[in-house]
Ligand code: V0V
Ligand code: CO
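Residue numbers (the UniProt record's numbering): 1 to 141.
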């Protein structure tokens with residue numbers, strides 16, 4: 001069902017500072033930036049590799065407010081890994097298949113994600129404490 005790891009999301013207090021750190025340390029390049037009001041984040045994607053079905057990235061996330069998911073995470077746990085995102089060919093199909101196994105879906109329908117993707121989240125308590133995101137990458141043409 002999973003094709004690949006699409007991205008690892010990292011919660012940051014200062015996006016520009018962490019872009020600088022990750023670019024310098026791992027020699028990665030920012031390929032996209034976006035403010036996603038619905039998810040309450042300002043984010044940047046740093047490209048790692050290309051593969052079948054899409055690329056893989058580090059996603060740096062700065063919260064837009066203290067009561068957003070990433071804002072609450074920072075207050076509770078501090079900076080660090082926030083979620084793991086798996087690339088799937090069809091996000092609605094993956095949601096249905098995983099939902100049938102009793103894992104709680106945090107989204108009833110796919111939402112808008114980075115770089116034109118469609119995304120949905122799974123409850124971390126049902127996935128061994130790992131906040132999990134499903135990503136259907138935008139069609140390339
Ligand atoms: C919270 N918990 C986590 C967690 N966030 N566990 C692992 N990883 C995380 N990131 C734990 C928390 O410690 C609590 O456990 C429990 O889950 C409930 O958390 P809470 O603080 O009481 O509740 P909330 O209101 O913070 O909600 C947590 C959830 C929320 C996961 C439900 O953050 C959510 O809906 N997230 C999905 C949307 C999201 O994260 N968007 C930002 C990324 P204890 O303490 O009770 O044991 S946007 C993105 O990735 C985009 C746009 C993209 O990829 O394109
Ligand atoms: Co993400």
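Backbone N, C-alpha and C fix where the C-beta goes; we use that ideal spot for every residue, glycine too.
Rounded to whole angstroms, residue 116 and residue 46 show a C-alpha spacing of 15 Å. Just so you know, the alpha carbons of residue 88 and residue 110 end up roughly 12 Å apart. Here residue 112 is bridged, per DSSP, to 118. Counting other Cβ atoms within 10 Å of its Cβ, residue 2 stays below 16 and is therefore classed as exposed.
Membership of residue 42 in any alpha helix (DSSP H) is not indicated; the residue belongs instead to the beta strand (DSSP E) covering 41 to 51. With at least 16 other beta carbons inside 10 angstroms of its own, residue 62 counts as buried.
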